[in-house]
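Mapping of the sequence shown onto my numbering: residues 567 to 1040, in sequence order.
A short write-up of the structure that comes next.
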Amino acid sequence: ITGESIPIEKVEGEPLIGATINQRGLLRMRATKVGADTVLASIIRMVEQAQGSKAPIQRLADTISGIFVPVVLVIAALTFIAWAIVGNVTGAGAASNPWIIAVVAAVAVLVVACPCALGLATPTAIMVGTGKGAEQGILIKGGESLERIHAVRAVLLDKTGTITKGRSELTDVVTAGDRQANDMLRFAASAEQGSEHPLASAIVEGARARGVTLGASPERFTSITGRGLEATVGGHVVLVGTRRLLSERSLGYDVLEEQLAALEQAGKTTMLVAIDGEVAGLVAVADTVKVGSREAVKQLHAQGHQVWMITGDNRRAAQAIAAQVGIPAEHVLAEVLPEDKTNQVKRLQEQGLIVAFAGDGINDAPALVQADAGIAMGTGTDIAMEASDITLVKGNLKSVATALALSRATLRTIRQNLFWAFAYNVILIPTAILSPLIPFLRENAPIFAAAAMALSSVTVVSNSLRLRRFGRST
């Protein structure tokens, strides 16, 4: 709910949010908000409000077809009347009955103007476009979603779970004195085996990934709230925790101060390690950037999009992640509360930007709906995927750039299809009207009109199928 990638420490008197998880200890709490007043209910309410305020998109082809069909009927009727009058008054078409010539010309107009190509222009392109997206792990809810996303100019990315992996990992091991890194890490990870804290899991998993063999569970383990832990591992007393913990034990860490400052400046969470009353080093964990996130941001910039990052994390951690992936510092929105994510989307929209929002959490749902195009990570929550227009099955940020490019290609194909559909009609309707003046069309105009109509439909469908080549050269 908070948007932070690590648990939030709470002390007596602070508010708790329903449905969040208590990591350790016993809580005594009082329900101050129930039912419609809870945080979850407010999130649901914001989603519903955003859904209700989204304006429907008018279908160009449907609108034109509604005008085009009666206009063609009028043109066909006028063609019949004109040739019936001309044929009877001037004797034109003496070789044939003027009424027959008038009927043939009118039928030719109706056949050649059949809006089949116009009707196929949009659905065929959308069908191929959404199918191509599905092949690449991009699930698009429909044509309206494609229409919305193609005009996007600003992409707002949630940090945790979208740009980053959404879980803490061991990133740095720094030793003090002559102690070997793996030896120090073995003691720290062995001690952390007694803790249920997510950061403890990151240290244990990181040690194992580095090939460090851990000892048995600590013989003695004490969790020190807000500071760290103290454990006995193989007869050695191990402390893992904050500066405050070591200061309380009168342990100096001046030799590590420079490394501590650098790692914390990079947005990492640091923990000092002391063994048998001596500072042995430090370990650092962080919510690391997904593989491909930097390349994805680069692709979005190349497409001409503004890229923004939004997070509930503190500004220092947010700026560090943004720098890693190439997002400008002025485009970083940090320490944003869940209800404020929607307001940040609105703020960008008020600046005249068409906004896409990409996220994966429960607290992202209102913003996903408020955005002109909502993009959910397939690795995220069900409510985020339900609120979005597009779901990226693999949760790969590069798929955001692919989805935007695919939507533009699809809308470009639709415009091409509409052009060809109109071009056929603009050229062939006058030809059908004047067909009695063309010897080989005088009595065969409907046949040629039918062939031309079929050819226009084939042209539109073939042009839509070109979308299947999307991605081969990108």
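By construction, the Cβ of each residue, glycine as well, lies at the ideal position given by its N, Cα and C atoms.
Remember, predicted model here, so these are calculated numbers, not experimental data.
**OP:** Evaluate Pro664 with the Cβ neighbour count: other Cβ atoms within 10 Å of its Cβ, from every protein chain shown; 16 or more gives buried, anything less gives exposed.
**Re:** Numbered from 1 along the sequence shown, position 98 holds the residue referred to as residue 664. Buried, by the Cβ-count rule.
Original post:
Can you give the Cα-Cα distance for Gly918 and Ala840, rounded to whole angstroms?
Top reply: Locating residue 918 in the sequence shown gives position 352, where the first residue counts as 1. Locating residue 840 in the sequence shown gives position 274, where the first residue counts as 1. Approximately 55 Å between the Cα atoms of the pair.
Original post:
Can the beta-carbon of Ala933 be found less than 8 Å from the beta-carbon of Lys907?
Top reply: The count along the sequence shown starts at 1 and reaches residue 933 at position 367. The count along the sequence shown starts at 1 and reaches residue 907 at position 341. Yes, the Cβ-Cβ distance between Ala933 and Lys907 is below 8 Å.
Subject >> One or two residues paired with Arg786 in a DSSP bridge >> reply: For the purposes of this step, residue 786 is identified with residue 220 of the sequence shown, where counting begins at 1. Thr798, per the DSSP bridge assignment.
Subject >> Cβ shell of Met875 (< 6 Å), same chain only, five flanking positions each side left out >> reply: Position 309 of the sequence shown, counted from the start, is the residue given in the question as residue 875. Hits under 6 Å: Leu723, Lys725, Ala888, Ile893, Val898.
Subject >> Alpha carbon of Ser954 to alpha carbon of Val902, nearest angstrom >> reply: Residue numbering aside, residue 954 sits at position 388 when the sequence shown is read from its first letter. Residue numbering aside, residue 902 sits at position 336 when the sequence shown is read from its first letter. The alpha-carbon atoms of Ser954 and Val902 are separated by roughly 20 Å.
Subject >> Under the three-state DSSP convention, the category Gly601 falls into >> reply: Start at 1 with the first residue of the sequence shown, and residue 601 comes out as number 35. Correct three-state label for Gly601: helix.
Subject >> Beta-carbon proximity of Leu970 to Val718, cut-off 8 Å >> reply: Counting from one through the sequence shown, the residue named residue 970 turns up at place 404. Counting from one through the sequence shown, the residue named residue 718 turns up at place 152. Going by C-beta atoms, Leu970 is nearer than 8 Å to Val718.
Subject >> Sequence-distant residues of the same chain with beta carbon closer than 6 Å to Leu866, five excluded per side >> reply: The residue you call residue 866 lines up with position 300 of the sequence shown. Cβ within range, chain order: Val721, Val873, Ala967.
Subject >> Terminal residues of the beta strand (DSSP E) in which Gln1041 lies >> reply: This structure does not reach residue 1041, given that the chain is present from 567 up to 1040, and the question cannot be answered.
Original post:
Using CA coordinates, which residue listed in Leu829, Val845, Val857 is at the minimum distance from Val851?
Top reply: Working through the sequence shown from its first residue, we reach residue 851 at position 285. Closest by alpha carbon: Leu829.
**OP:** Tell me whether Glu578 sits in a helix, a strand or coil according to DSSP, three-state version.
**Re:** Walking along the sequence shown from the start, residue 578 turns up at place 12. If DSSP states are grouped into helix, strand and coil, Glu578 belongs with coil.
Original post:
Considering Met1019, what are the terminal residues of the beta strand (DSSP E) in which it resides?
Top reply: Here residue 1019 corresponds to residue number 453 of the sequence shown, with the count starting at 1. Taken as a continuous stretch (DSSP letters only), Met1019 belongs to no beta strand (DSSP E), being part of the alpha helix (DSSP H) at 1011-1031.
**OP:** Could you tell me the boundaries of the beta strand (DSSP E) in which Ile667 lies?
**Re:** Here residue 667 corresponds to residue number 101 of the sequence shown, with the count starting at 1. Not the beta strand (DSSP E): Ile667 falls in the alpha helix (DSSP H), residues 664-678.
Original post:
Is Met943 helix, strand or coil by DSSP?
Top reply: The residue you call residue 943 lines up with position 377 of the sequence shown. Three-state result, Met943: strand.
Subject >> Asp738 - partner residues in DSSP beta bridges >> reply: In the sequence shown, the residue the question calls residue 738 occupies position 172. The partner list for Asp738 (beta bridge, DSSP) reads Ala850.
Original post:
Quick one, are the C-beta atoms of Val739 and Val849 less than 8 Å apart?
Top reply: Position 173 of the sequence shown, counted from the start, is the residue given in the question as residue 739. Position 283 of the sequence shown, counted from the start, is the residue given in the question as residue 849. It is a contact, given that the beta carbons lie within the stated cut-off.
**OP:** Using three-state DSSP, classify Lys707 as helix, strand or coil.
**Re:** Counted from its first residue, the sequence shown places residue 707 at position 141. Coil at Lys707, not helix or strand.
Original post:
What residues in its chain sit with their C-beta under 8 Å from that of Lys912, if we drop five residues either side in the sequence?
Top reply: As a position in the sequence shown, residue 912 is number 346, starting the count at 1. Within the same chain, Lys912 has close Cβ partners Gln936.
Subject >> Contact set for Ala987: own chain, Cβ-Cβ below 7 Å, skip 5 residues either direction >> reply: Locating residue 987 in the sequence shown gives position 421, counting from the first residue. Hits under 7 Å: Ala683, Leu684, Ala687, Ser1022, Val1026.
Subject >> Minimum C-alpha distance to Ala674 - residue among Arg1032, Ser1030, Ala1017 >> reply: The count along the sequence shown starts at 1 and reaches residue 674 at position 108. Among Arg1032, Ser1030, Ala1017, the Cα nearest to that of Ala674 is on Ala1017.
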